[in-house]
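Trainee: In our numbering, the protein residues as written are 1 to 184.
Pasting a structure below so you can have a look.
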Amino acid sequence: IQPTKVILHIERKYQIQFLNNNCRVLFSGMTRYCLELKIPPAIVVILFAVVMWSVSSMNPWAVIQIPGKDWMAGALWIIGFALIIVAAVEFISAKTTANPLTPGLATSIVTIGVYRLSRNPMYVGFLLMLAAWGVFLANVLSILLLPLFVVYLNQFQIILEENALLVKFGDDYTRYLKSVRRWI
1 IQPTKVILHI
11 ERKYQIQFLN
21 NNCRVLFSGM
31 TRYCLELKIP
41 PAIVVILFAV
51 VMWSVSSMNP
61 WAVIQIPGKD
71 WMAGALWIIG
81 FALIIVAAVE
91 FISAKTTANP
101 LTPGLATSIV
111 TIGVYRLSRN
121 PMYVGFLLML
131 AAWGVFLANV
141 LSILLLPLFV
151 VYLNQFQIIL
161 EENALLVKFG
171 DDYTRYLKSV
181 RRWI
């Protein structure tokens, strides 16, 4: 059975697709919306890392020389990990959810610290950690997978989170969207 699509019109500005057969309701009451994916971004990172390793292993001809690759990979990984920790602490300080599968449970918009520079610093941190892995593998094909990670997160995670937060916070979130970039 093909899921039926229903478009909810929210405040004449926002449209959110609701797939009734493949959806988790995140916020009930006057407004219902869903997050189609149920795969936590941290799991997506692990899957991408495994794919990067597999691609590297199957294509030794694509290995390149990167001077100081161990230091560069280490630095990228540390910066990425630190960014994730700082962003998580800022969510905890704001007493709101950091669960990417339930953005409708957010109690506030976090706009302090690293969230002044990026709307998704945790995802930037994940990207830096994957970049570190790519540098460590020193395989061009593995490194070329990084843009796919960005496209995947944009399409299947970030846009859905943003829609949920638009519904929840309206004009306040719209102003935040206009003033802070999605990635960096």
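Yeah, the Cβ is synthetic: ideal placement off N, Cα and C, and Gly gets one too.
When the Cα of leucine 146 is compared with those of Leu47, Ile79, Gly113 and Gly68, which residue comes out closest?
Mentor: Answer by Cα proximity: Leu47.
Trainee: Quick one: grab the DSSP three-state call for asparagine 163.
Mentor: helix
Trainee: Would alanine 62 pass as a contact of leucine 141 if the rule is Cβ separation under 8 Å?
Mentor: yes
Trainee: Taking buried to mean at least 16 other C-beta atoms within 10 Å of its own C-beta, is alanine 82 buried or exposed?
Mentor: Result: exposed.
Trainee: With respect to the alpha helix (DSSP H) encompassing leucine 153, which residues constitute its N-terminal and C-terminal limits?
Mentor: 146–153
Trainee: Buried or exposed for proline 40, please, with buried defined as at least 16 other CB atoms from any protein chain shown within 10 angstroms of its CB.
Mentor: exposed
Trainee: Tell me which same chain residues have a C-beta within less than 6 Å of the C-beta of phenylalanine 126, skipping the five on either side of it?
Mentor: Val45
Trainee: Between Arg175, Val167, Phe136 and Gln157, which has its C-alpha nearest leucine 101's C-alpha?
Mentor: Gln157
Trainee: Which value, in whole angstroms, describes the spacing of the CA atoms of leucine 137 and arginine 119?
Mentor: 29 Å
Trainee: Buried or exposed: where does serine 179 fall if 16 or more other Cβ atoms within 10 Å of its Cβ makes it buried?
Mentor: exposed
Trainee: So does the region 49–69 actually touch the region 127–135, counting three or more Cβ pairs closer than 8 Å?
Mentor: yes
Trainee: Just to confirm the assignment, what range does the alpha helix (DSSP H) spanning serine 121 have?
Mentor: A small fix is needed here, since residue 121 is proline in this sequence, not serine. In the DSSP annotation of this structure, the continuous segment of the alpha helix (DSSP H) that includes proline 121 starts and ends at 121–137.
Trainee: Between the alpha carbons of isoleucine 112 and asparagine 99, how many angstroms are there, rounded?
Mentor: In this structure, the straight-line span from the alpha carbon of isoleucine 112 to that of asparagine 99 is close to 18 Å.
Trainee: Quick check on the DSSP output: the alpha helix (DSSP H) that includes phenylalanine 91 runs from which residue to which?
Mentor: 69–93 is the extent of the alpha helix (DSSP H) around phenylalanine 91.
Trainee: If you drop the 5 nearest sequence neighbours on each side, which residues of the same chain put their C-beta closer than 6 Å to that of methionine 30?
Mentor: Per-residue confidence for methionine 30 stands at a pLDDT of 39, beneath the threshold of 50, marking its modelled position as unreliable; the derived number appears in the next sentence. So the list is empty, once near-sequence residues are dropped.
Trainee: On a CA-only basis, which of Pro60, Val89 and Ile109 is nearest tyrosine 173? Give me that one, please.
Mentor: Ile109
Trainee: Given arginine 116, which residues of its chain have a CB within under 7 Å of its CB, disregarding the five upstream and five downstream residues?
Mentor: Val180
Trainee: With 16 as the cutoff for other CB atoms within 10 Å, does valine 114 come out buried or exposed?
Mentor: buried
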